[in-house]
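Take a look at the structure below.
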Amino acid sequence: MTLYEYLYSGFGKAEDLNCAEKMLYGANKVYELGINRNDLKLAAGFGGGMAVGITCGILTGGIMAFAKAFIEDRGHEGTLLKEIEAEYINKFNDKMNSINCDYLVEHYRDEEKGCDYLIFEAAKIFDELMEKYKDYRKN
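Take any residue in the sequence shown, note its place counting from 1, add 27, and you have its number in my numbering.
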């Protein structure tokens, strides 16, 4: 199962997770990242563009998951994570015309479905990059 499929199946709705939590919790489950339940709470503060409408939690949650998958010890150990992050952010920005929560909510949020469209599109990009870089995983 891909992250897209997992999120599309409804994961995160009943749990009332924010966008960052959905991405991190979902990626943890699908890609078996080994993040414990207590540490998953770190994503809670990134929803709503860190509560002020800036960088979308969909992106920050995804980046946290990429870090767990591709970093062995610390961020300065190489450039791979930066390359993956840049590709993730740029692909999302190219499709949605922004990475900022306030813009994305204004243009894409639906009263009934919330930010589902954005989450699903980001999950597709996330899955694509996990497949592309699968041979470089540390976890």
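Don't be surprised by glycine CBs; every beta carbon is placed ideally from N, CA and C. Predicted, not measured: the structure shown is a model, and the values here were computed from it.
Original post:
Buried or exposed: which applies to Gly89, given that a residue is buried once 16 or more other Cβ atoms fall within 10 Å of its Cβ?
Top reply: By 1-based counting over the sequence shown, the position of residue 89 is 62. Buried.
**OP:** With distances taken Cα to Cα, identify the nearest neighbour of Asn127 among Val79, Lys161, Tyr31.
**Re:** Residue numbering aside, residue 127 sits at position 100 when the sequence shown is read from its first letter. Closest by alpha carbon: Val79.
Original post:
Under 8 angstroms between the Cβ atoms of Leu60 and Lys49?
Top reply: If you number the sequence shown from 1, residue 60 lands on position 33. If you number the sequence shown from 1, residue 49 lands on position 22. Taking 8 angstroms as the Cβ cut-off, Leu60 and Lys49 do not qualify as a contacting pair.
**OP:** Starting from Glu82, follow its DSSP beta bridges and name the residues at the other end.
**Re:** For the purposes of this step, residue 82 is identified with residue 55 of the sequence shown, where counting begins at 1. Going by the sequence as given, residue 82 is Thr instead of Glu. Answer is Asn127, bridged to Thr82.
**OP:** Take Glu104 as the anchor and find which of Leu44, Asp137, Lys165, Tyr160 has the nearest alpha-carbon.
**Re:** Here residue 104 refers to the residue found at position 77 when the sequence shown is read from its first residue. Selected option, being the one with the closest Cα: Lys165.
Original post:
Alpha carbon to alpha carbon, what distance is there between Arg64 and Glu139?
Top reply: Numbered from 1 along the sequence shown, position 112 holds the residue referred to as residue 139. Numbered from 1 along the sequence shown, position 37 holds the residue referred to as residue 64. Taking the straight line from one Cα to the other gives about 29 angstroms.
Original post:
On the three-state DSSP scale, how would you describe Asp66?
Top reply: Taking the first residue of the sequence shown as position 1, residue 66 is located at position 39. Three-state result, Asp66: helix.
Original post:
Using DSSP with H/G/I as helix, E/B as strand and the rest coil, what is Gly89?
Top reply: To locate residue 89, count along the sequence shown from 1; it is residue 62. If DSSP states are grouped into helix, strand and coil, Gly89 belongs with the helices.
**OP:** Just tell me which of Leu131, Leu86, Ala96, Met123 has its CA closest to the CA of Tyr115.
**Re:** Position 88 of the sequence shown holds residue 115. The residue with the shortest Cα to Cα distance from Tyr115 is Leu86.
Original post:
Cα-Cα, which of Met157, Phe119, Asp43, Glu99 is closest to Tyr144?
Top reply: Taking the sequence shown and counting its residues from 1, one reaches residue 144 at position 117. Nearest of Met157, Phe119, Asp43, Glu99 to Tyr144, Cα basis: Phe119.
Subject >> Buried or exposed (CB count within 10 angstroms, at least 16 for buried), Asn45 >> reply: Translated into the one-based positions of the sequence shown, residue 45 becomes position 18. Looking at its Cβ environment, which holds 16 or more other Cβ atoms inside 10 Å, Asn45 is buried.
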